[in-house]
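Position one of the sequence shown corresponds to residue 1 (UniProt numbering), numbered consecutively onward.
We put the beta carbon where it would ideally sit given N, CA and C, even for glycine.
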Amino acid sequence: MASSSGSKRIKTTAGLRENRRKEKIYSDIFLTKDHKKHFSNVQNRKLLMERKVTLLPQDVPDFSNEIMERQWSHLTTYPEPANIAIVQEFYANAKSFSPDTEPFWSYVRGQRIPFNADTINEFLNTEWEDDDEICGYAELMATELDHEEIEQTLCITGGTFQRNRQQQPLHIKRVHLSS
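Set out below in C-alpha cells:
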C-alpha cells in the first residue's frame, strides 16, 4: 500500500462539463482519507455474489432468444471468481464525500472506473436513440401503482408489503408470496 505521508500525486480529470480540475489522490488504493475510513464499513458488509438462474422449461426458448437477440451471450458465462478486496475498493471509492465530485465513477488500484449509464449501455451493447427518452422501468416508476391489487394478486391471505416509516410500500417478503 502506498504511504500516506510524503508527496501526493495530483491527477487531472475531466468533469461532466469537461471542466478540468485537479484532484489529489491519497494513495494507489484510496482517493481520500474519507474513502480509506469508509473502506472499513465496506469490509463489514456482506457481498452478494452472482447466482445461477433456474428457468422453467417453458421459459427457456424465450429467454434464450432474448439473450441471442441482444447479443448478451457473454453475460451467460460465469467469470473468474471475484477478487473481494478489489470489489471492496471499488465500493469504498465510489462513495461521494463532496457535492462537486463527479457521480458514477470509482477508483481501483490507480485506475478510474466509470459506471454511468453510457458505460453500462456500451458494455451491454445497447443504445438510446434519444437522450430524453425514459426507459420502461422509469415509466413504470412514474405511474401510480395499485399496491392493494398487487398484494391481492401476489400475496397469501394476510400477506402485505413491508413498508417504510412513511408507510410507502418497499417489498413483499418471500413467506408472504403465493406459490
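**Prompt:** What residue range is occupied by the uninterrupted alpha helix (DSSP H) comprising I86?
**Reply:** On the sequence shown, position 86 is the one that residue 86 refers to. In the DSSP annotation of this structure, the continuous segment of the alpha helix (DSSP H) that includes I86 starts and ends at I84 to A94.
**Message:** With a threshold of 8 Å on Cβ separation, who are the neighbours of L177 within its own chain once the five nearest residues in sequence on each side are excluded?
**Reply:** Translated into positions along the sequence shown, residue 177 becomes position 177. Non-local beta-carbon contacts of L177 in its own chain, meaning distances under 8 Å to residues more than five positions away in sequence, involve L154, C155, I156 and G159 in chain order.
**Prompt:** How long is the line joining the alpha carbons of A85 and N121, rounded to whole angstroms?
**Reply:** Taking the sequence shown and counting its residues from 1, one reaches residue 85 at position 85. Taking the sequence shown and counting its residues from 1, one reaches residue 121 at position 121. Spanning the alpha carbons of A85 and N121 requires a straight line of approximately 26 Å.
**Asked** According to the Cβ coordinates, are H38 and A92 closer than 7 Å?
**Response** Here residue 38 is taken as the residue at index 38 of the sequence shown, counted from 1. Here residue 92 is taken as the residue at index 92 of the sequence shown, counted from 1. Inclusion of H38 and A92 in the CB contact set at 7 Å is warranted, their separation being smaller than that value.
**Prompt:** Quick one: what does DSSP say R174 is sitting in, helix, strand or coil?
**Reply:** For this step, residue 174 is matched to residue 174 along the sequence shown. R174 falls in the helix class under three-state DSSP.
**Asked** Is A2 helix, strand or coil when you go by DSSP?
**Response** One-based indexing of the sequence shown puts residue 2 at position 2. Only weak support is given to the placement of A2: the predicted model assigns it a pLDDT of 47, under 50, and the value that follows is read from those uncertain coordinates. A2: coil per DSSP, three-state reduction.
**Prompt:** What residues are listed by DSSP as bridge partners for Y107?
**Reply:** Numbered from its first residue, the sequence shown carries residue 107 at position 107. DSSP lists R112 as partners of Y107.
**Asked** How big is the Cα-Cα spacing for D59 and Q152?
**Response** Indexing the sequence shown from 1 puts residue 59 at position 59. Indexing the sequence shown from 1 puts residue 152 at position 152. When rounded, the separation of the alpha-carbon atoms in D59 and Q152 is 25 Å.
**Message:** Alpha carbons only, please: which of L31, R165 and Q168 is nearest the one belonging to S96?
**Reply:** Position 96 of the sequence shown, counted from the first residue, corresponds to residue 96. Measuring from the Cα of S96, the nearest candidate turns out to be L31.
**Message:** On the DSSP letters alone, give me the boundaries of the alpha helix (DSSP H) that Q167 sits inside.
**Reply:** Taking the first residue of the sequence shown as 1, we reach residue 167 at position 167. Here Q167 belongs to no alpha helix (DSSP H), and DSSP marks it neither H nor E.
**Message:** I believe K173 touches Q162 by the beta-carbon criterion, under 8 Å. Please report the beta-carbon distance rounded to the nearest angstrom.
**Reply:** What you label residue 173 is simply residue 173 of the sequence shown in a count that begins at 1. What you label residue 162 is simply residue 162 of the sequence shown in a count that begins at 1. Contact holds; Cβ gap of about 6 Å.
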